[in-house]
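Take a look at the structure below.
Number of protein chains: 2
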Amino acid sequence: MIQTPAPALDLTSDVAHLTARLLDLESVSGHEAGIADAIESALRRLDHLEVVRNGDCVMARTMLGRSERVILAGHIDTVPLPTAAGSRGTVPSTWEGETLFGRGATDMKGGVAVQLALAAALTEPTRDITFIFYDHEEVEASLSGLGRVAHSHPEWLEADFAVLLEPTDGTVEGGCNGTARFEVRITGKASHSARAWMGVNAIHAAADVLVRLRDHQPATVHVDGLDYRESLNAVKVTGGTAGNVIPDSTVIEVNYRFAPDKTPEQAEEYVRALLEGFDVERTDAAAGARPGLQHPAAAAFVAAVGAEPKPKYGWTDVARFSALGVPAVNFGPGDALLAHTDDEHVHADAVRACLQALVTWLS
Amino acid sequence: MIQTPAPALDLTSDVAHLTARLLDLESVSGHEAGIADAIESALRRLDHLEVVRNGDCVMARTMLGRSERVILAGHIDTVPLPTAAGSRGTVPSTWEGETLFGRGATDMKGGVAVQLALAAALTEPTRDITFIFYDHEEVEASLSGLGRVAHSHPEWLEADFAVLLEPTDGTVEGGCNGTARFEVRITGKASHSARAWMGVNAIHAAADVLVRLRDHQPATVHVDGLDYRESLNAVKVTGGTAGNVIPDSTVIEVNYRFAPDKTPEQAEEYVRALLEGFDVERTDAAAGARPGLQHPAAAAFVAAVGAEPKPKYGWTDVARFSALGVPAVNFGPGDALLAHTDDEHVHADAVRACLQALVTWLS
Numbered sequence: 001m002i003q004t005p006a007p008a009l010d011l012t013s014d015v016a017h018l019t020a021r022l023l024d025l026e027s028v029s030g031h032e033a034g035i036a037d038a039i040e041s042a043l044r045r046l047d048h049l050e051v052v053r054n055g056d057c058v059m060a061r062t063m064l065g066r067s068e069r070v071i072l073a074g075h076i077d078t079v080p081l082p083t084a085a086g087s088r089g090t091v092p093s094t095w096e097g098e099t100l101f102g103r104g105a106t107d108m109k110g111g112v113a114v115q116l117a118l119a120a121a122l123t124e125p126t127r128d129i130t131f132i133f134y135d136h137e138e139v140e141a142s143l144s145g146l147g148r149v150a151h152s153h154p155e156w157l158e159a160d161f162a163v164l165l166e167p168t169d170g171t172v173e174g175g176c177n178g179t180a181r182f183e184v185r186i187t188g189k190a191s192h193s194a195r196a197w198m199g200v201n202a203i204h205a206a207a208d209v210l211v212r213l214r215d216h217q218p219a220t221v222h223v224d225g226l227d228y229r230e231s232l233n234a235v236k237v238t239g240g241t242a243g244n245v246i247p248d249s250t251v252i253e254v255n256y257r258f259a260p261d262k263t264p265e266q267a268e269e270y271v272r273a274l275l276e277g278f279d280v281e282r283t284d285a286a287a288g289a290r291p292g293l294q295h296p297a298a299a300a301f302v303a304a305v306g307a308e309p310k311p312k313y314g315w316t317d318v319a320r321f322s323a324l325g326v327p328a329v330n331f332g333p334g335d336a337l338l339a340h341t342d343d344e345h346v347h348a349d350a351v352r353a354c355l356q357a358l359v360t361w362l363s
Numbered sequence: 001m002i003q004t005p006a007p008a009l010d011l012t013s014d015v016a017h018l019t020a021r022l023l024d025l026e027s028v029s030g031h032e033a034g035i036a037d038a039i040e041s042a043l044r045r046l047d048h049l050e051v052v053r054n055g056d057c058v059m060a061r062t063m064l065g066r067s068e069r070v071i072l073a074g075h076i077d078t079v080p081l082p083t084a085a086g087s088r089g090t091v092p093s094t095w096e097g098e099t100l101f102g103r104g105a106t107d108m109k110g111g112v113a114v115q116l117a118l119a120a121a122l123t124e125p126t127r128d129i130t131f132i133f134y135d136h137e138e139v140e141a142s143l144s145g146l147g148r149v150a151h152s153h154p155e156w157l158e159a160d161f162a163v164l165l166e167p168t169d170g171t172v173e174g175g176c177n178g179t180a181r182f183e184v185r186i187t188g189k190a191s192h193s194a195r196a197w198m199g200v201n202a203i204h205a206a207a208d209v210l211v212r213l214r215d216h217q218p219a220t221v222h223v224d225g226l227d228y229r230e231s232l233n234a235v236k237v238t239g240g241t242a243g244n245v246i247p248d249s250t251v252i253e254v255n256y257r258f259a260p261d262k263t264p265e266q267a268e269e270y271v272r273a274l275l276e277g278f279d280v281e282r283t284d285a286a287a288g289a290r291p292g293l294q295h296p297a298a299a300a301f302v303a304a305v306g307a308e309p310k311p312k313y314g315w316t317d318v319a320r321f322s323a324l325g326v327p328a329v330n331f332g333p334g335d336a337l338l339a340h341t342d343d344e345h346v347h348a349d350a351v352r353a354c355l356q357a358l359v360t361w362l363s
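Chains as they are written, first to last, in UniProt numbering: chain A, 1 to 363; chain B, 1 to 363.
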């Protein structure tokens, strides 16, 4: 992947067009340097902000001595570009009327554009604001730029309330499901494929794992007034060594999105029970977050924005803020159902409306 | 893979030690240049042989004007080296008493050593002999060095009878199963793995293919007096793109080793029927060979060697000779059940006995 030199971003331009500019800066996880450079240099031109950088995480904040501080956070990485011919959710972005197509259009460069526009527009906000633009959200939790900052610059994550600008289609989404990944390893015995009876086929032996996953009915769990729908899926499979060898190994990667009534340990127990008899190893996990909407700061934000709260299915870093004691909600432009699809897109008005709601709340 | 310069091979040394020398020349398919160089230069030192080379296929023959001509053929490539720690069927070779371990020990550098020893020893054979040492046997049939030679030097494959020195443990094996490869492609629909219900999981959808393959009972088919046992297996599987995306594609590679009563087309029909409802594409096929032991030249060889013929399960190039109208059998040192295993080995006496049997027949 080639990082093009960061062009200057105009933070005072229309926020939908600013979104398009960000989409054109390809930033698949692990390759965020270019977009981070562009964001950092744009923010450093704003005299009312203190700016620091940690790796490819850029942070900026006002220091007005307000009685409340809020965090506005968003990740700057995306999942890999689509590979299917004709996919529009790719780089560079394209406009179709007022609809903007491109990788990250919903997840979540619209939200990042709103953060940047607010950073430039709100020189005198009613609450002090900390802006966090972070890397490595779309990969293993252990790589998270936000997690890294929580260790290296914890003072930057002190706040009364946080808004994560993940796509919620303009509604407020409380809490989030947790996520855990597992590797299921099936071992066989290699032999020449012309004498299969001398070996044990590790791909055939994987059939039962896939049958159990296919037949599993994911639960919907009621937590603090909201319904969290779970997902449990094989996301990768690989097995076999050569076209004439009975395969002696198959590895299935499983992703479990579990409701916030469970800890990662309970999620692991659940998957181990479902796949009993197989070798299951947990490789990654991040706890969910209960909605937390009863917290006063959260309630005040919901009242100001004026939308009915819903549950968040996808894991988001509200869980990380929640673990740090900072109540947090998801509120951002775009339809989360389009995230990671080949056809990812956002409507210009959705980005503009999100910006307007936050300007109203913070002015 | 680094090709070391070809050291001189001493074709008059003990044939078991000559086998060890060949094992030390790593020659995984596609990387046969080094061993082909060594074989070519050793053969060119023998004045009674005419030698030509085509790619990494080396051919040598006597021109004594005998009434019969026989081919002695063997491939010089091997499957990839084993990856498991402690595997002994690797490079370089090792001796344990009189047992020789190394990649290719059974499949089939013992046979190649016998060919080379015969080439040096038999300056006045009772039948004219054509020696063929060819590349790319352990990969797709379309790459076969023997197939290439059949097109470019067909005169080199004219003979009354052919012996392929594939491992048969000193017995004579007639005919061989055919082999065909298929790709089964399962298509789904990508979505974020936290909202699995928006996508279609192509790995879960592959479960039924694996169940059918796992539950399939391969047949044993009686052909011309011999029993051919079939094998039908998934040999590779790959699916999924990222840990948080519902996979939209899974590909399963299937290898069918079918009895010589079937054509490749009939084998394809059989697999299509078994996997009905799935997208199956045949990617490679090679017909089997009926035993052909009723042919006078084959019968004479069997009588001279004095062993009870058995069926050959693995596909070998007897099928290619059979298609050219040259009756052919498998006869070589080593246990075919060890071929392609992590622990491939051959006993020194097996190689010596094979050499002795052929010297007796041809002197």
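Think of the CB as a built atom: it goes at the ideal place given N, C-alpha and C, for glycine as much as any other residue.
Nearest by alpha-carbon distance to residue i: which of the options is it?
i         : options                                    : result
Lys189(A) : Thr179(A), Arg181(A), Ala202(A)            : Ala202(A)
Val326(A) : Leu157(A), Pro247(A), Ala194(A)            : Leu157(A)
Tyr256(B) : Asp248(B), Thr250(B), Glu265(B), Ser249(B) : Glu265(B)
Glu138(A) : Thr179(A), Ile71(A), Val114(A)             : Thr179(A)
Gly288(B) : Leu324(B), Asp14(B), Glu281(B), Ala297(B)  : Leu324(B)
Leu81(A)  : Pro92(A), Leu72(A), Ile71(A)               : Pro92(A)
Met59(B)  : Trp361(B), Asp135(B), Ser27(B)             : Asp135(B)
Ala206(B) : Val254(B), Asp227(B), Asn177(B)            : Val254(B)
Ser191(B) : Leu275(A), Glu276(A), Leu338(A)            : Leu338(A)
Glu140(A) : Glu26(A), Arg282(A), Glu96(A), Gln217(A)   : Arg282(A)
Val251(A) : Thr187(A), Ser322(A), Arg320(A)            : Thr187(A)
Gly175(B) : Ala298(B), Arg21(B), Ala38(B), Leu210(B)   : Ala298(B)
Phe278(A) : Gly306(A), Ser249(A), Arg290(A), Glu96(A)  : Ser249(A)
Given a cut-off of 9 Å, decide if residue j and residue i are closer than it, judged by their beta-carbon atoms.
i         : j         : result
Gly111(B) : Gly74(B)  : yes
Val271(A) : Ala162(A) : no
Gly334(B) : Asp47(B)  : no
Thr220(A) : Arg214(A) : no
Ala105(A) : Leu11(A)  : no
Thr19(A)  : Glu166(A) : no
Leu329(A) : Leu358(A) : One point to set straight first is that residue 329(A) is Val, not Leu, in the sequence displayed. No, Cβ-Cβ distance for Val329(A) and Leu358(A) is not below 9 Å.
Asp160(B) : Glu68(B)  : yes
Leu100(B) : Ala348(B) : yes
Ala150(A) : Arg320(A) : yes
Ala273(B) : Asn177(B) : no
In or out: residue i buried (at least 16 other Cβ within 10 Å) or exposed?
i              : result
Trp197(B)      : exposed
residue 424(B) : Not covered by the structure: residue 424(B). The range shown for chain B is 1 to 363.
Thr168(B)      : buried
Glu124(B)      : exposed
Met1(B)        : Summary for Met1(B): the model assigns pLDDT 46, below 50, so the residue's position carries little reliability; its value from the coordinates is reported in the next sentence. So Met1(B) counts as exposed.
Arg44(A)       : exposed
Val52(B)       : exposed
Asp342(A)      : buried
Gly102(A)      : buried
Gln356(A)      : exposed
Glu40(B)       : buried
Gly65(A)       : exposed
Thr62(B)       : buried
Thr90(A)       : buried
Thr78(A)       : buried
What in chain A is Cβ-close to residue i, meaning under 7 Å?
i         : result
Glu344(B) : In chain order: nothing, as chain A lies at least about 10 Å away.
His192(B) : Gly314, Ala339, His340
Ala198(B) : Residue identity differs from the one stated: residue 198(B) is Met in this sequence, not Ala. Those within 7 Å of Met198(B) in chain A are Leu337.
What residues from chain A crowd round residue i, counting only those whose CB sits closer than 9 Å?
i         : result
Pro125(B) : What Pro125(B) touches in chain A: nothing, since even the nearest Cβ is about 32 Å away.
Val237(B) : Ile203, Ala206, Val237, Thr238, Gly239, Gly240, Pro247, Thr250
Arg282(B) : Correct list: empty, because the minimum Cβ distance to chain A is about 13 Å.
Would you mind telling me which residues of chain B sit closer than 7 Å to residue i, beta carbon to beta carbon, in chain order?
i         : result
Glu138(A) : Asn244
Leu213(A) : His204
In chain B, what lies closer than 8 Å to residue i by C-beta?
i        : result
Leu11(A) : What Leu11(A) touches in chain B: nothing, since even the nearest Cβ is about 29 Å away.
Give the interface partners of residue i over in chain B, defined as CB-CB distance under 9 Å, in chain order.
i        : result
Pro80(A) : Thr241, Ala242, Val245
My parser needs the beta strand (DSSP E) runs of 3 or more residues fully inside the region 132-183 of chain A; what are they? 161-164
Any beta strand (DSSP E) of 3 or more consecutive residues that is wholly inside the region 51-84 of chain A: 57-61, 69-75
Which complete alpha helix (DSSP H) runs does the region 248-292 of chain A hold, if anything under 4 residues is left out? 264-274
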